[in-house]
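Per this note's numbering, the very first residue in the sequence shown carries number 5; after that it's consecutive.
For glycine and all other residues, C-beta sits at the position ideal for the given N, C-alpha and C.
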Amino acid sequence: DVDHLQAAELVQRQVERELTGPRESIPGYVTALLADLDNNRVDSPDVRRRMQALLAAIDGLRRDRLPPIRHELTSAIKSAQAGDAPPGDSRPADPGVIRSLAVAGEQQDRVIERIEAMLKELGRWDDYRRFYRDVGQLTREQEDLGTRATELGRRTMGRDPRDLPPAELADLRVLVT
5 DVDHLQAAEL VQRQVERELT GPRESIPGYV TALLADLDNN RVDSPDVRRR MQALLAAIDG
65 LRRDRLPPIR HELTSAIKSA QAGDAPPGDS RPADPGVIRS LAVAGEQQDR VIERIEAMLK
125 ELGRWDDYRR FYRDVGQLTR EQEDLGTRAT ELGRRTMGRD PRDLPPAELA DLRVLVT
């Protein structure tokens with residue numbers, strides 16, 4: 005059981021490092037993205053605002069949620085090691101270990117809920133960006149179609165369709181459909 009607790013504590017440290025570490029972590033990637041925006045002089049207040057909100061949320065997890073998990077797992081390991089029984093002993097688990105694991109589990113559930121909320125928000129933002137991009141594309145296509153129709157109208161206005169060259173007739177059919 006102590007080995008399992010130590011393995012869980014190691015995994016928790018790895019998660020914490022990837023979630024809040026200075027370099028190869030979410031804040032590191034977000035900071036690099038913000039630096040790229042600055043270096044390339046990209047003015048994108050929405051991206052900047054959302055990335056800074058993400059950094060703030062992760063910092064809140066680092067300050068408020070992750071330290072109690074780390075503390076409780078360490079406490080559970082120490083309690084388990086102090087009461088370590090020989091293999092095959094069927095004594096019930098130390099209440100201190102059980103309490104520490106319960107608190108750590110509750111805190112981990114809160115971290116998971118917060119991460120899921122961040123992912124949901126980023127997903128909505130991504131959906132919005134895709135929708136915005138699609139509407140922009142449709143707008144450009146509509147403007148292009150309007151320009152082509154105006155140009156073709158100038159060239160063919162007042163002329164009998166039977167007198168138009170085949171290419172202009174084909175262009176008119178395309179614009180009509």
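For GLY87, there is no enclosing alpha helix (DSSP H), as DSSP gives it neither H nor E.
Rounded to the nearest whole angstrom, the C-alpha separation of LEU37 and ALA106 is 38 Å. For ASP7, the uninterrupted alpha helix (DSSP H) segment begins and ends at 6 to 24.
Linking PRO169 to VAL139 through their CA atoms gives a straight-line distance of about 35 Å. About 11 Å separates the beta carbons of VAL19 and ARG69, which is beyond the 8 Å limit, so they are not a contact pair. For ARG52, the enclosing alpha helix (DSSP H) covers residues 49 to 64.
Per the Cβ contact rule, the segment 76 to 85 is not in contact with the segment 46 to 59 (fewer than 3 Cβ pairs under 8 Å). PRO31 and VAL101 have their C-alpha atoms some 33 Å from each other. Annotated three-state conformation of ALA97 is coil, per DSSP. Pairing MET122 with GLN16, the inter-Cα distance amounts to about 19 Å.
Distance from the CA of ARG67 to the CA of GLU145, rounded to the nearest whole angstrom, comes to 49 Å. Taking the CA atoms as reference points, GLY127 sits about 10 Å from GLU120.
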